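Chemist:
Residue numbers (my numbering), protein chains in the order written: chain C, 50 to 163; chain R, 42 to 152.
1. Along chain R, in chain order, which residues have C-beta atoms closer than 7 Å to that of residue 156/C?
2. State the beta-bridge partners of residue 130/R as determined by DSSP.
3. For the beta strand (DSSP E) that contains residue 60/R, what are its first and last residues?
4. Measuring CB to CB, does residue 129/R end up less than 8 Å from residue 45/R?
5. Compare the C-alpha of residue 118/R against each of 96/R, 109/R, 100/R, 141/R and name the closest.
6. With a CB to CB cut of under 6 Å and the five nearest residues on each side skipped, what residues in its chain are close to residue 137/C?
7. For residue 132/R, is the classification buried or exposed, using 16 other Cβ atoms within 10 angstroms of its Cβ as the cut-off for buried?
8. Is residue 49/C near residue 84/C, with beta carbons less than 8 Å apart?
9. Give the straight-line distance between the Cα atoms of residue 109/C and residue 139/R, rounded to the nearest whole angstrom.
10. With distance defined between alpha-carbon atoms, name the residue in 51/C, 114/C, 103/C, 64/C nearest to residue 81/C.
11. Report yes or no: is there a C-beta of chain R within less than 8 Å of the C-beta of residue 92/C?
12. Note down, in chain order, all residues in the stretch 95-113 of chain C with a beta-carbon under 7 Å from any beta-carbon belonging to chain R.
13. Can you list the residues of chain C that residue 47/R reaches, using a CB-CB cut of under 8 Å?
14. For residue 104/R, I'd like the list of residues in its chain whose CB is within less than 6 Å of its CB, leaving aside the five on either flank, ordered along the chain.
15. Give the residues from the stretch 118-137 of chain R that approach chain C closer than 8 Å (Cβ to any Cβ), ordered along the chain.
16. Tell me, please, which residues DSSP counts as bridged to residue 106/C.
17. Show which residues of chain R have a CB atom less than 7 Å away from the CB atom of residue 152/C.
18. Does the beta-carbon of residue 58/R have 16 or more other beta-carbons within 10 angstroms, so that it is buried, or is it exposed?
19. State the beta-bridge partners of residue 127/C as determined by DSSP.
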């Protein structure tokens, strides 16, 4: 059983399009996250939700909008895609907050914007 | 501004102990330091977490000195399969809560 799953694994699209990445965790965790990993492998937090409530919202363009229909899902919708959005996006979950809990990461979604 | 700093890369030989240091300024007394391991094309994987002195589990140890301005991940007797990128993560609980990953250290274990 996959603990944290993401779909799709690869996403190739053109500038200006709108796309979504889905994330699901079957661990019963309360907190979920979205991270962006750029070509230099830097990992940066984008959003964090606890029980469907937004608790971390870093400086991210408002073209990015997270949506949590229930505490097992945290989807990421991106409007008007730009070249600079090309990266690997990771979803993660933890029972407690990131400061004192182990995060479980998904396999990542490689987004390529052309 | 919260910041974490790691060496870009390290090489080691099989069977040796490897120590990777993360420097973190403005860390509060109860701020945790967590280390993750990442293999190519995979998500990061938890290794160890602590907030003071020393923590040990079955795969690694984490040393945090009294001034808490740095922490060291220690991997005993590395093998070729330990070749990966290692990240430290600090959640700074100051005036503006910040979750900050280090830039990652590429560890290459040589035969």
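In this text, a Cβ means the ideal position worked out from N, Cα and C, and glycines have one as well.
Owing to the predicted nature of the structure, the values given are computational and were not obtained by experimental measurement.
Modeler: The short version:
1. The CB of residue 156/C comes closer than 7 Å to the CB of 83, 84 in chain R, given here in chain order.
2. According to the DSSP secondary-structure assignment, residue 130/R is paired through a beta bridge with 75/R, 142/R.
3. Start and end: 59-65.
4. In contact: residue 129/R and residue 45/R (Cβ atoms closer than 8 Å).
5. Nearest C-alpha to residue 118/R: 100/R.
6. For residue 137/C, where only same-chain residues beyond five positions count, the Cβ hits under 6 Å are 86, 157, 159.
7. Here residue 132/R is buried. Its C-beta has 16 or more other C-beta atoms within 10 Å.
8. Here chain C comprises residues numbered 50 to 163, so residue 49/C is not present and cannot be evaluated.
9. Their backbone Cα atoms lie some 14 Å apart in a straight line.
10. Ranked by how close their Cα comes to the Cα of residue 81/C, the residues 51/C, 114/C, 103/C, 64/C have 103/C in first place.
11. It does; some Cβ of chain R falls within 8 Å.
12. The residues in question are 105.
13. Within 8 Å Cβ-Cβ: nothing; residue 47/R doesn't reach chain C, min ~11 Å.
14. Excluding five sequence positions before and after residue 104/R, the CB atoms of its chain that fall closer than 6 Å to its own CB belong to 95, 113, given in chain order.
15. Of all residues in the stretch 118-137 of chain R, 126, 128, 130, 132, 134 have a Cβ within less than 8 Å of some Cβ in chain C.
16. DSSP lists 96/C as partners of residue 106/C.
17. Those within 7 Å of residue 152/C in chain R are 87.
18. With fewer than 16 other CB atoms across the displayed protein chains lying within 10 angstroms of its CB, residue 58/R is exposed.
19. Beta-bridge pairing links residue 127/C to 68/C, 113/C.
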